[in-house]
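As structure tokens, the structure follows; a few thoughts come after it.
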Amino acid sequence: MVGDFETQTERRLAMIWADVLKLDKVGRDQDFFGLGGDSLLATKVVLEARRVWNIGFTVRVLIDTPVLAELAARIDTWADRDAGPSAS
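Read in full-length UniProt numbering, the sequence shown has 1 at position 1, and its numbers run on one by one without any break.
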């Protein structure tokens, strides 16, 4: 699961996606649904992201922001504010 990532959040999120999607590698510019994700798999990603970053995170957020780097940036913003999308 080696890749070029700009942040630790990108790297960790890629690991989650790779695990959930059963892929060897996920890139920072890839789309969750383009990689084969669906709503059931999105739920698994959301649950793991909530556990890892302790933020309010929903499937809707993943649907609205399916590209890994963009989603990681949103997660970093929420984590920095110690909040989640409901506080946006």
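We put the beta carbon where it would ideally sit given N, CA and C, even for glycine. Remember, it's a predicted structure, so these values are computed and weren't measured experimentally.
Please classify residue i: is it buried, with 16 or more other beta-carbons within 10 angstroms of its beta-carbon, or exposed?
i, result
"residue 8", "exposed"
"residue 68", "buried"
"residue 10", "buried"
"residue 63", "exposed"
Based on DSSP bridge pairs, tell me the residues matched to residue i.
i, result
"residue 29", "None, per the DSSP bridge assignment."
"residue 46", "Residue 46 is not bridged to any residue."
"residue 59", "Residue 59 pairs with nothing; no bridge assigned."
I'd like to know whether the C-beta atoms of residue i and residue j end up nearer to each other than 9 Å.
i, j, result
"residue 43", "residue 61", "no"
"residue 17", "residue 37", "yes"
Tell me which same chain residues have a C-beta within less than 7 Å of the C-beta of residue i, skipping the five on either side of it?
i, result
"residue 39", "59"
"residue 52", "12"
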